[in-house]
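The sequence shown begins at 2 in the numbering used here and counts up by one. By construction, the Cβ of each residue, glycine as well, lies at the ideal position given by its N, Cα and C atoms.
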Amino acid sequence: MKKIKAGRQPNRSRAGDVGVAIVLIIFGCFFAFPLVYAINAAFKPLDELFIYPPKLFVRNPTTDNFSDLFLLLNKTGVVTFTRYMFNSIFVTAVGTAGHILVASMAAYVLAKYRFPGSRLFFSAVTVALMFTGYVISIPRYLIMANIGLINTYLAVIVPAFASPMGLFLMKQFMESSIPDVLIEAAKIDGAKEGKIFVSIVMPLVKPAILTLMIFSIQALWNDAGTTFLYKDELKMLPFALQTVAAGGVARTGAGSAATLFMMILPLICFILAQSNIVETMASSGIKE
2 MKKIKAGRQP NRSRAGDVGV AIVLIIFGCF FAFPLVYAIN AAFKPLDELF
52 IYPPKLFVRN PTTDNFSDLF LLLNKTGVVT FTRYMFNSIF VTAVGTAGHI
102 LVASMAAYVL AKYRFPGSRL FFSAVTVALM FTGYVISIPR YLIMANIGLI
152 NTYLAVIVPA FASPMGLFLM KQFMESSIPD VLIEAAKIDG AKEGKIFVSI
202 VMPLVKPAIL TLMIFSIQAL WNDAGTTFLY KDELKMLPFA LQTVAAGGVA
252 RTGAGSAATL FMMILPLICF ILAQSNIVET MASSGIKE
């Protein structure tokens with residue numbers, strides 16, 4: 002009987018490993034192309050941005066695009082760049098924290114308790130995943146207007162709390178990663194529900210929390226909020242960057258810098274937590 006070497010799959014040959022590696026490299030290059038292009042375009046002078054045929058890599062890198070971007074942001078309108086930045090950071094931070102908290106608490110109840118209507122409620126959450134933001138934009142606006150949240154940060158923050166994706170991921174992860182016997186043992190030891198949730202459940206779902214944090218940050222960081230925010234001092238950074246980028250051919254360099262600027266935060270978050278995303282996605286489909 003042949004001995005199977007540690008760390009190797011018994012049902013795949015060395016040639017199969019090489020083939021898989023080649024396929025992964027090809028797809029990796031394909032998916033990395035937009036990122037590489039965006040980074041190089043941000044540092045290209047105008048003559049290289051309009052060269053034909055276009056070149057992928059920058060020849061004479063410059064930071065003039067970023068200088069022009071910040072100059073235009075500070076001179077356009079009555080709101081400074083720092084104000085736009087504060088608005089985006091505040092909405093992203095509060096919206097993400099609230100989304101994680103609400104999704105975690107709701108998912109804990111749905112995953113570990115059975116009550117009348119629990120299955121129907123989760124089915125409604127699953128159905129809600131099929132609807133895009135464009136479908137619910139009008140009902141969302143009407144609700145925010147009726148409760149008086151238009152032209153406030155809450156008009157963007159409150160809807161972020163109720164995103165169905167977060168509840169779905171957290172529930173599936175809790176069902177597959179937290180055994181019921183662990184919670185029952187904690188109750189036998191006298192732990193209350195709040196103590197169980199904070200001290201036992203939340204530490205065990207850290208991969209799902211980081212995954213949800215990335216999705217929420219990406220959605221809120223790129224949300225211009227123009228549907229609900231009309232006051233200049235409340236508008237967020239994506240609105241300002243879109244205004245600069247739409248200024249014509251002369252602002253192409255500033256627009257390229259704005260594109261890279263908006264990619265930085267989600268990209269950093271993804272790099273720091275990519276292993277947790279894989280673990281969460283793998284666990285969310287496992288059933289007992």
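- With a cutoff of 8 Å on beta-carbon distance, Ser105 and Val199 are scored as not near each other.
- With fewer than 16 other beta carbons inside 10 angstroms of its own, Lys196 counts as exposed.
- Per DSSP, reduced to three states, the secondary structure at Asp181 is helical.
- Short of 8 Å from the beta carbon of Asn152, and not among the five residues preceding or following it, lie these beta carbons of its own chain, in chain order: Phe229, Leu230, Tyr231, Lys232, Leu235.
- When only Cα atoms are considered, Val59 and Ala246 end up about 20 Å apart.
- Between the alpha carbons of Leu266 and Gly191 lies a distance of about 42 Å.
- Between Ala108 and Met175 a beta carbon distance of about 6 Å is seen, short of the 8 Å cut, so the two are scored as contacting.
- Contact between Leu211 and Pro165 is ruled out by a C-beta separation of about 19 Å, above the 8 Å threshold.
- For the stretch 120-188, not one full-length beta strand (DSSP E) segment reaches 3 residues or more.
- Taking every protein chain shown into account, the CB of Thr64 has fewer than 16 other CB atoms within 10 angstroms, so this residue is exposed.
- For Ser89, the enclosing alpha helix (DSSP H) starts and ends at 82-113.
- Lys76 and Ala258 have their C-alpha atoms roughly 17 Å apart.
- Each of Gln173, Phe169, Tyr142, Lys172 was checked against the Cα of Pro160, and the nearest Cα belongs to Tyr142.
- By the neighbour-count definition (other C-beta atoms within 10 Å, threshold 16), Arg120 is an exposed residue.
- The beta carbons of Leu111 and Lys188 sit no closer together than 8 Å.
- Check the Cα spacing between Thr97 and each of Leu155, Phe122, Phe28, Gly20: the tightest is with Leu155.
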